[in-house]
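Step one of this worksheet: look at the structure below.
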Amino acid sequence: MGSGVTPRQMQRVAHATRGKAPAPRLDSESGCAELAAGLVEAGASLLEALDAAGAAPDTAFWLRFRDVDDWRLVLGGGRLVRHGPRIAHSRIRRILAESARFDPLTMQLIGVAKPDAQVVRILRSALRTGPGIHGVRIRDNVLNGVRVQEAYVYRVM
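Each number in my numbering corresponds to the 1-based position in the sequence shown with 23 added.
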């Protein structure tokens, strides 16, 4: 069994969190199932809004690290990152500010990944959803020799 994706590796994938507030716990076993459902729905709504704005990412998924009990929504590739991560973050921030339908999603929970990021390559090697918004849950799997503790995939192309 391979080693898991570490929080350090996630820092390379996702935008560094600037706020000091910890990410919410999404584990249904810890009694936060409603929050998880709310974030899953908010993530799907954000993906729809990005698609409609012409900034469709090729990859979109929630990734969880049990050792730190932390989730991040990872968006990457496609038209979203065409002009770099700074512009991508600006577009996401602008869309989040437009509507309360994205609550409880915040910028602290969102990372922008390069198409060649390790976690994106790993998911892409094991799963292709095609366009659209899907809901594929991955739990305690080894993908291409790397342990993925838990992920919720909307899209991997």
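All residues carry an ideal CB built from backbone N, CA and C; glycine is no exception.
Minimum Cα-Cα distance from Ala67 among the listed residues Pro127, Arg147, Ile110 and Val165 corresponds to Pro127.
Here DSSP, grouped into helix, strand and coil, assigns Leu150 to coil.
For His106, the closest of Val179, Glu121, Ile118 and Pro80 by C-alpha to C-alpha distance is Pro80. Less than 9 Å divides the Cβ of Gly99 from the Cβ of Val143. Here Arg178 really is in contact with His157; their C-beta atoms are around 6 Å apart, less than 8 Å.
If you look at Arg102, you'll find it isn't in any beta strand (DSSP E); DSSP assigns it neither H nor E.
Judged by DSSP secondary structure, Leu166 falls within the beta strand (DSSP E) whose first and last residues are Val159 to Leu166. Of the other Cβ atoms in all chains shown, 16 or more fall within 10 Å of the Cβ of Arg87; this residue is therefore buried. DSSP lists no beta-bridge partner residue for Arg117.
Counting along the chain, no beta strand (DSSP E) covers Ala79, and no H or E run does either. Between Gly77 and Arg116, the C-beta gap is not smaller than 9 Å, which leaves the two residues out of contact. According to DSSP, Val176 shares a beta bridge with Phe84 and Val159.
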